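Every position in the sequence shown, counted from 1, becomes a number in the numbering used here once 448 is added.
All C-beta atoms, glycine included, are put in the ideal place defined by N, C-alpha and C.
Everything numeric in this text was worked out from a predicted model, so none of it was measured.
Heads up, the thing below is written out as structure tokens.
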Amino acid sequence: MIYDETLQKHIRCKKGDVAEYVLIPGDPARAKRIAEKFDSYEKIAENREYVVYTGVKDGVKLTVCSTGIGGASTAIAMEELSRLGAHTFIRVGSAGGRRESIPVGSAVVVNAAVRGEGTSKEYLPDIYPAVADLDITNALLEAGREYLKEEECYVGMSLTRDAYYMQNQQLNEQLMNTQVAVSEMECATVFIVAAKRGLKAGAIVGTDSNIVKKHQLTLEEKDRLYSEAEKKTINIAVNAMVKLGKCGK
């Protein structure tokens, strides 16, 4: 590792290491699976929860950087990546479904988020909405329709929260029959950091559970279905990012 003034403390990357277009999964193993969809790639750095790969897909330079779980580590990744020139981000994550109509194993494009976590509040007040970039959302929906064909690519808001093993039943009831489609732990932070720093961000998630369904699946069934959902979200996200890169959005 060459120590220069552009070396970032946590992601351990320097100027020239990362692309302007970055995919940000939480899981380091998912980051590798995303990079494997590129035509070529190399591993740039690995430190803590951050594993970074940069490569090329259909002539577009792309980076993938894992962020770990939750808003705090995700914000660090976005801050440091943006200091190195990244300006467009797509979160590629997992989530729990919040609609009866969304099966486990589905792909969901997140267009906005309820700010139920804490990190985004350090950036902007609660009154500011956490909204995905429209160009990215449209690119994800277009890529989703192309990849999934007859299968639906869902779209809706996420409830972003911090405490995975805690449920706010009153809030859950209030959010029923609204635009909230899923619950996860990063989207609100991603959208708010982007808003504060003048970046563009969107998100797609695969559902690994659904708390509103009457019949609950076993962990084995959920894992099998989510494995398929992850393949969908990875392909859709990479194809959408290539579209954005080719048109300069």
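Go ahead and label residue i buried or exposed: buried means 16 or more other beta carbons lie within 10 angstroms of its beta carbon, across all protein chains shown.
| i | result |
| --- | --- |
| Asn559 | buried |
| Val470 | buried |
| Ile659 | exposed |
| Asn616 | exposed |
| Asp475 | buried |
| Asp465 | buried |
| Arg547 | buried |
| Gln618 | exposed |
| Ala611 | exposed |
| Pro573 | exposed |
At which residues does the beta strand (DSSP E) containing residue i begin and terminate?
| i | result |
| --- | --- |
| Lys680 | Per DSSP, Lys680 belongs to no beta strand (DSSP E); it is in the alpha helix (DSSP H), 667-695. |
| Lys605 | Here residue 605 is Met; the residue named in the question, Lys, does not match the sequence. Here the beta strand (DSSP E) through Met605 covers 602-609. |
| Ala560 | 555-564 |
| Glu632 | 628-632 |
| Thr502 | 498-505 |
Sort the options by Cα distance to residue i and report the nearest one.
| i | options | result |
| --- | --- | --- |
| Gly545 | Arg539, Glu678, Glu528, Ser554 | Ser554 |
| Glu528 | Ala467, Val557, Lys491 | Ala467 |
| Ala534 | Lys491, Glu548, Leu510, Arg547 | Leu510 |
| Asp583 | Leu455, Ile472, Glu599, Gly693 | Gly693 |
| Arg478 | Ala677, Lys697, Lys691 | Ala677 |
| Ser631 | Val540, Val562, Asp452 | Val562 |
| Glu497 | Val512, Ile550, Leu623 | Val512 |
| Asn687 | Lys661, Ala587, Lys569 | Ala587 |
| Arg609 | Ala525, Glu494, Lys569, Asp671 | Lys569 |
| Lys697 | Thr585, Ile550, Lys597 | Thr585 |
With distances taken between CB atoms, is the gap from residue i to residue j smaller than 8 Å?
| i | j | result |
| --- | --- | --- |
| Ala629 | Tyr595 | no |
| Ala580 | Ala636 | no |
| Lys485 | Lys462 | no |
| Ser542 | Asp656 | yes |
| Ser488 | Val499 | no |
| Glu537 | Leu647 | Here residue 537 turns out to be Phe, not Glu, going by the sequence shown. Yes, these two residues count as a Cβ contact at 8 Å. |
| Thr681 | Gly654 | yes |
| Val557 | Gly516 | no |
| Tyr576 | Val641 | no |
| Tyr501 | Ala483 | yes |
| Gly518 | Met633 | yes |
| Ser530 | Arg645 | yes |
| Ala685 | Val540 | yes |
| Leu673 | Val552 | yes |
| Val638 | Met526 | yes |
| Leu443 | Thr626 | Beyond the ends of the chain as shown, which are 449 and 697, falls residue 443; an answer cannot be given. |
| Glu703 | Gly507 | The chain is shown only over 449 to 697; residue 703 falls outside these bounds and no answer can be derived. |
Is residue i helix, strand or coil by DSSP?
| i | result |
| --- | --- |
| Phe537 | strand |
| Ile652 | strand |
| Arg546 | coil |
| Cys461 | coil |
| Gly592 | helix |
| Gly516 | coil |
| Lys485 | coil |
| Ala580 | coil |
| Val466 | coil |
| Thr522 | helix |
| Val638 | helix |
| Lys491 | strand |
| Lys509 | strand |
| Glu620 | It is worth fixing the name first, because residue 620 is Asn in this sequence and not Glu. In the structure shown, Asn620 sits in a helix (DSSP, three-state: H, G or I). |
| Asn586 | helix |
| Leu529 | helix |
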